[in-house]
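Novice: The UniProt record's numbering numbers the first residue of the sequence shown as 1 and each following residue consecutively. Note that the Cβ used here is the ideal one computed from N, Cα and C, for glycine as well. Given the structure is predicted, the values throughout are model-derived calculations rather than measurements. Have a look at the structure that comes next, please.
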Amino acid sequence: MSTSNPVVKCTVEQCTHHMPGNQCGAAKISVYNNETTGTSQTSADTCCKSFHHRKTIGDMVGALHNANWGGVITAGLYDGKQITPNVECFVANCKFWETGNYCHANSITVTGRNAAKTADTDCETYVPKS
């Protein structure tokens, strides 16, 4: 089975998985098309379905099922070590999409200033297939 573990830079500070240094502490992130249209034409039409809004301690506990404990511990012990979640991508018209819903980009950037819900996040790495 193939896996996809690009370096993930995430600036979505409102997510329970957001870690210092704009890293993602999730075990797996899932990138999807726009929830309303089901398609993507720009990066604004993509979203991170693994977004879990951090409002209370209860939110953080609720997101523990998708925590990358090994990556978080390793990154804490080794200076400069990147946490690399498994990335699944369902945006089939992206240049980096690969059969089996894998992302073959070396790194991706997830953004979402003041995100309160999944639709407020974007995969900035999205590039339409030519």
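Take residue 127 and list the residues in its own chain whose beta-carbon comes closer than 8 Å to its own, dropping the five residues that flank it on each side.
Specialist: If you ignore the 5 residues before and after residue 127, its C-beta comes within less than 8 Å of the C-beta of 94, 95, 96, all in its own chain and listed in chain order.
Novice: Would residue 12 and residue 111 be called neighbours here (beta carbons separated by less than 8 Å)?
Specialist: yes
Novice: With distance defined between alpha-carbon atoms, name the residue in 117, 48, 33, 25 nearest to residue 42.
Specialist: 33
Novice: Quick check on residue 1: does DSSP put it in helix, strand or coil?
Specialist: Confidence is the limiting factor: at residue 1 the pLDDT is only 38, short of 50, which leaves the residue's position unreliable, though a coordinate-based value still follows. Three-state result, residue 1: coil.
Novice: Are residue 23 and residue 15 touching if we call contact CB-CB under 8 Å?
Specialist: no
Novice: The beta strand (DSSP E) that contains residue 28, what's its start and end?
Specialist: 28-33 is the span of the beta strand (DSSP E), which, as asked, contains residue 28.
Novice: Roughly how many angstroms lie between the CA atoms of residue 103 and residue 5, to the nearest whole one?
Specialist: 8 Å
Novice: Would you decide whether residue 142 is buried or exposed? Buried here means 16 or more other CB atoms lie within 10 Å of its CB.
Specialist: With the chain represented from 1 up to 130, any question about residue 142 goes unanswered, as that position is not in the structure.
Novice: What number of angstroms, rounded off, separates the C-alpha of residue 18 from the C-alpha of residue 25?
Specialist: 6 Å
Novice: Does the ligand FMN have a heavy atom nearer than 7 Å to the CB of residue 43?
Specialist: Ligands in the displayed structure: none, and consequently the ligand FMN is not present.
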